[in-house]
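According to our numbering, the sequence shown is numbered sequentially starting from 140. We put the beta carbon where it would ideally sit given N, CA and C, even for glycine.
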Amino acid sequence: MDKIEEIKKKINELGPVHPGTLNPQRNRCGKLNCRCAMGEEFWHGPYWQLSWTANKKSKTRHIAEEELPEIKKRVENYKTLKGLMQELIEVSCSLSLLPETKEANVEDKPSG
Ligand SMILES: [Zn+2]
140 MDKIEEIKKK
150 INELGPVHPG
160 TLNPQRNRCG
170 KLNCRCAMGE
180 EFWHGPYWQL
190 SWTANKKSKT
200 RHIAEEELPE
210 IKKRVENYKT
220 LKGLMQELIE
230 VSCSLSLLPE
240 TKEANVEDKP
250 SG
């Protein structure tokens with residue numbers, strides 16, 4: 140199988156994806172007689188929060204305990220997808236139809 144088809148097949152086989160990072164959050168409920176009033180190590184949680192950027196806006200969503208395994212899987216799938224896409228782009232670029240453009244005239248000038 141050609142490399143591009145192989146990558147496309149892997150992308151096809153990926154389940155749902157979700158960008159972002161999962162962050163644990165802990166907090167106090169505020170009740171004086173609750174164990175969380177005794178110190179940070181007794182705070183409630185962790186509660187999971189998923190943060191990502193969509194259309195240049197940062198988004199946050201609380202993740203329920205029972206959603207966590209599925210969300211972890213989707214975040215993992217997203218990373219895999221990005222890796223596969225990068226690979227696909229690299230393979231595609233290496234299959235140039237035209238002779239390579241000479242880069243002799245392009246100089247790296249330091250900016251500023
Ligand atoms: Zn509490």
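Assign residue i to one of two classes, buried (16 or more other C-beta atoms within 10 Å of its C-beta) or exposed (fewer than that).
i, result
"Ile228", "exposed"
"Gly159", "buried"
"Leu207", "exposed"
"Ile146", "buried"
Would you say the beta carbon of residue i comes nearer than 8 Å to a heavy atom of ligand 1?
i, result
"Arg174", "yes"
"Arg165", "no"
"His201", "no"
"Gly178", "no"
"Gly169", "yes"
"His183", "yes"
Since residue i contacts residue j with CB under 8 Å, what's their CB separation in whole angstroms?
i, j, result
"Leu161", "Ile210", "7 Å"
"Trp187", "Pro163", "6 Å"
"Ile143", "Ser233", "Not quite, the Cβ-Cβ distance comes to about 10 Å (not below 8 Å), so this is no contact."
"Leu236", "Ile150", "The Cβ separation is near 23 Å, so there is no contact."
Just to confirm my understanding: we take residue i, look at its own chain, exclude 5 residues before and 5 after, and list those with CB closer than 8 Å. What are they?
i, result
"His157", "Leu189, Trp191, Ile210, Arg213, Val214, Asn216, Tyr217"
"Glu204", "Trp187"
Might you give, ordered along the chain, the residues of its own chain that have their beta carbon closer than 6 Å to the beta carbon of residue i, omitting 5 neighbours on each side?
i, result
"Phe181", "Arg174, Cys175"
"Lys198", "Trp191"
Can residue i be considered in contact with ligand 3, in the sense that its beta carbon sits closer than 8 Å to one or more heavy atoms?
i, result
"Glu229", "This structure simply doesn't include ligand 3; it includes ligand 1 instead."
Taking C-beta to C-beta, are residue i and residue j nearer than 9 Å?
i, j, result
"Asn166", "His183", "yes"
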